[in-house]
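First comes the structure, then the notes that go with it.
Numbering (our numbering), first residue to last: 688 to 1191.
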């Protein structure tokens, strides 16, 4: 067996025509859905980026124990299990978070890996004296050019070196994917993990993808919203959304080239193809931009998943309503290659779930230190802890790094050695107090973070989650289901207390 696993970042499900999107045509995503199995109730697990990837590697949720961080020495890793089982795994990515402190143990789990530079604030190109005056003219002060915005300045510098379409990281990722396929399509037992940072912000594309997406905006570049409430004008909002749509169109076209390759070389008969994302993105819906700070609305948590397997049979070109989520992809891929599922795995193969007679299932999702979302496909509840400022929450880790920093000394001074947790394979771990001002997502001003509370929505009658329901019996049922799933994932007693939940 062979497999190509394509992971885009921040690909909003409703941007795809096959999921009802209309902002921009996506003929290739739609074309793939027409010949594969489309999952209509696929959800995130742990949020945001690197926690989602830890779910993907380990097949279990991690947000109740750990914020953004590396794979741990005791973690199972899907590509490493494949590698040890004689399956060659190759990571090809422009996702630079893999190469920062908070993600530096993921890429080395693969047999081989390849990194394309230049996305977002990747510390790639050096201009000791950048043209700041020109940047202030070219880029809107709403999104750039503010004080202490080193990340945005680094992106402006990188962008000076990305001019032709062939320079764009996504274009390079797909070119290198085709090189891998040319070199290896005659072999068996391999998985290509093709991961593109696009359509993550900033929304920068070759001009031809933006042509035809007209707005009334006439001003400097505005394509990187801050994770905050919407304050932009209607014309600015339209411009930002058009820039995102253009980036989706680019992703669609390059994904279509991969489909063309499958057609040309008839890879459909012996190669799996999986398409998904880590999370979605708010584009002014609910009067918010992006993710992390607000509840995990449908635009963030309800994500695309489309799967081709040569043995799909009658499921080819169909859709399923079974509820699935990111941790389920780990056992799915292991089973595709005939590998054993480790006992610590809590996810289930999405192909098994799609074929199951009973498709009733609830899943939970969340971010360390935030609310917990729970859905059964019909309703979704966002459960908030009684006190978000309560610092009794603790992180359990042997790898004390945040996004691109070590835990600081003040945090580390709260550390103690904790007895092994059920999934740490007999290994004790550090227990570190989760200080509110630690450098973890969402970070910064917590005022907005605390402005939300527990809410229940009917996803069928109210798909855009505009009208919370007053149905306490459903909320209580979901709370029981959350507790059950937390127990299955070995959540600690203090996490239950912090969430205001009971555990057995």
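Cβ coordinates follow ideal geometry from the N, Cα and C atoms, glycine included.
Burial is judged here by how many other beta carbons sit within 10 angstroms of a residue's own beta carbon; residue 1116 has at least 16 and is buried.
A direct Cα-to-Cα measurement between residue 1143 and residue 798 gives close to 44 Å. The count of Cβ pairs closer than 8 Å, one atom from the segment 1014-1030 and one from the segment 1101-1108, stays below three, leaving the stretches out of contact.
The DSSP assignment places complete beta strand (DSSP E) segments of no fewer than 3 residues inside the segment 756-796 at 775-780, in order along the chain. Shortest Cα-Cα distance from residue 906 to any of 923, 802, 704 involves 923.
Annotated three-state conformation of residue 806 is coil, per DSSP. Residues of the same chain with a CB within less than 8 Å of the CB of residue 1091, apart from the 5 flanking positions on each side, are 787, 788, 789 in chain order. For the 9 Å CB-CB criterion, residue 777 and residue 880 form a contact. Excluding the 5 residues flanking it on each side, residue 746 has same chain C-beta neighbours closer than 6 Å at 1014, 1017, 1018, 1032, 1034, in chain order.
Taking residue 692 as the centre and dropping the five residues before and after it, the same chain places the C-beta of 880, 961 closer than 6 Å to its C-beta, in chain order. Measuring C-alpha to C-alpha distances from residue 733 to each of 945, 874, 754, 1147 identifies 754 as the nearest. With contacts defined as CB atoms closer than 9 Å, residue 1169 and residue 1070 qualify as a contacting pair. Minimum Cα-Cα distance from residue 837 among the listed residues 854, 810, 1183 corresponds to 810. Under DSSP, the beta-bridge partners assigned to residue 733 are 1053.
Nearest to residue 850 by C-alpha distance, out of 1056, 892, 730, is 892.
As the crow flies, the alpha-carbon of residue 1050 is around 50 Å from that of residue 816. Taking the Cα of residue 1186 as reference, the smallest distance to any Cα among 1060, 870, 1113 is reached at 1060. Contact check for residue 889 against residue 807 passes: the beta carbons are separated by less than 9 Å. In the DSSP assignment, the residues bridged to residue 800 are 778. In this model, residue 694 and residue 882 are separated by some 5 Å (Cα to Cα).
Per DSSP, reduced to three states, the secondary structure at residue 1103 is strand. In the three-state reduction of the DSSP assignment, residue 1180 falls in the helix class. For residue 849, the secondary structure class from DSSP, reduced to helix, strand or coil, is coil. Nearest C-alpha to residue 976 among 887, 1025, 1028: 887. The criterion of a C-beta distance shorter than 9 Å is satisfied by residue 916 and residue 974.
The continuous stretches of alpha helix (DSSP H) do not include residue 1069, which lies in the beta strand (DSSP E) extending over residues 1066-1070. One alpha carbon belongs to residue 949, the other to residue 955, and they sit about 6 Å apart. The DSSP assignment places complete beta strand (DSSP E) segments of no fewer than 3 residues inside the segment 825-884 at 877-883, in order along the chain.
Excluding its 5 nearest sequence neighbours in each direction, residue 1009 has C-beta neighbours in its own chain below 6 Å: 1040, 1041, 1046, listed in chain order.
In the three-state reduction of the DSSP assignment, residue 922 falls in the helix class. Beta-bridge analysis with DSSP links residue 959 to 690.
Following the DSSP letters along the chain, one finds residue 1041 in no beta strand (DSSP E) but inside the alpha helix (DSSP H) bounded by residues 1037-1042.
The DSSP assignment places 1103-1105, 1116-1120, 1142-1145 as complete runs of the beta strand (DSSP E) inside the segment 1089-1162, in order along the chain (cut-off: 3 residues). The beta carbon of residue 766 lies closer than 6 Å to those of 776, 796, 797 in the same chain, with the five residues before and after it left out. Rounded to whole angstroms, residue 714 and residue 1002 show a C-alpha spacing of 21 Å. Annotation: residue 1011 is outside any alpha helix (DSSP H); the continuous beta strand (DSSP E) that includes it extends over 1006-1012.
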